[in-house]
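Quick note: the sequence shown uses our numbering, first residue 10, plus one each step.
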Amino acid sequence: MSRHVYEDLLTGGHPNSLGNTLTVVEAVLNKPADLGSLFECFFSEDAVVRMRVANAMKRIARAEKQLLLPYLDRFLDEIALIDQASTRWSLAQLFLLLDADLSQAQLKRAKKILVDNLMNESDWIVLNMTMETLGKWALYDDALKTSIRGRILELKDDPRRSVSKKALKTASLLY
Numbered sequence: 010m011s012r013h014v015y016e017d018l019l020t021g022g023h024p025n026s027l028g029n030t031l032t033v034v035e036a037v038l039n040k041p042a043d044l045g046s047l048f049e050c051f052f053s054e055d056a057v058v059r060m061r062v063a064n065a066m067k068r069i070a071r072a073e074k075q076l077l078l079p080y081l082d083r084f085l086d087e088i089a090l091i092d093q094a095s096t097r098w099s100l101a102q103l104f105l106l107l108d109a110d111l112s113q114a115q116l117k118r119a120k121k122i123l124v125d126n127l128m129n130e131s132d133w134i135v136l137n138m139t140m141e142t143l144g145k146w147a148l149y150d151d152a153l154k155t156s157i158r159g160r161i162l163e164l165k166d167d168p169r170r171s172v173s174k175k176a177l178k179t180a181s182l183l184y
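Shown next, in the form of structure tokens:
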């Protein structure tokens, strides 16, 4: 299928719904050669399409993560530049799902992207998913643990309950 077919399938419906995401995931899993067409939908003008593509990529990673490995550099170089909360929180989840397959250089870039998101984002889901991934990685990386400490401790006092709870959990795990 072409990008336009997938984009059409992912368009419409309630903005917070999955729409036809599950149908698209099933189609790509049945015909992996179409993954590139789906990936190109990240560059849609429609934010809902981009959100659903991100969700589809997480589902594909859980089912057949090896399909996404050829796209690791594009996630790091291109998708990380998309200014959309759902893309950012999905990247945090994808990086954790794929971390065993990241090269040292890719892992370093992923950490930089997520640390930047942790320091600069205000979206509660981005913060929670980013703390989840960075918290797990920081268990084995003292420099990372040190670099995020101040922000994690600051977020313990965030007025949003889910953010403060995640920060408290992350801090208790790391410090």
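For glycine and all other residues, C-beta sits at the position ideal for the given N, C-alpha and C.
**Asked** Does the beta-carbon distance from Gln93 to Ala56 come in below 7 Å?
**Response** In contact: Gln93 and Ala56 (Cβ atoms closer than 7 Å).
**Same chain only: Cβ atoms within 8 Å of Ala72, ignoring 5 sequence neighbours per side** = A distance below 8 Å between beta-carbons, with the five flanking residues on each side excluded, links Ala72 to the following residues of its chain, in chain order: Val34 and Leu38.
**Prompt:** Phe84 lies in the alpha helix (DSSP H); which residues open and close that run?
**Reply:** For Phe84, the uninterrupted alpha helix (DSSP H) segment begins and ends at Leu81 to Asp86.
**Item:** Other residues of its chain near Ala70: CB distance less than 7 Å, five sequence neighbours each side excluded
**Value:** Counting only Cβ-Cβ distances below 7 Å, and skipping sequence neighbours, we find Leu77, Leu103, Leu106 and Leu107.
**Asked** With respect to the alpha helix (DSSP H) encompassing Ala63, which residues constitute its N-terminal and C-terminal limits?
**Response** Taken as a continuous stretch (DSSP letters only), the alpha helix (DSSP H) holding Ala63 covers Ala56 to Glu73.
**Request:** Look at the alpha carbon of Arg118 and the alpha carbon of Thr179, and state the distance between them as a whole number of angstroms.
**Result:** Just so you know, the alpha carbons of Arg118 and Thr179 end up roughly 21 Å apart.
**Message:** Could you check whether Lys120 and Leu153 sit closer than 7 Å to each other, using their CB atoms as the reference points?
**Reply:** The answer is yes: Cβ separation under 7 Å.
**Request:** Rounded to whole angstroms, what's the CA-CA distance from Leu44 to Val62? Just pull it up for me.
**Result:** Leu44 and Val62 have their C-alpha atoms spaced approximately 11 Å apart.
**Buried versus exposed, by CB contacts within 10 Å (16 or more), Met128** = Result: exposed.
**Asked** In whole angstroms, what is the alpha-carbon distance linking Lys40 and Leu111?
**Response** Looking at the two C-alpha atoms, the distance is approximately 24 Å.
**Request:** Compare the Cα-Cα distances from Asp150 to each of Lys175, Gln113, Ala176 and Asp167 and report the closest residue.
**Result:** Of Lys175, Gln113, Ala176 and Asp167, the residue nearest in Cα terms is Gln113.
**Item:** First through last residue of the alpha helix (DSSP H) which encompasses Lys165
**Value:** Per DSSP, Lys165 belongs to no alpha helix (DSSP H) and is neither H nor E.
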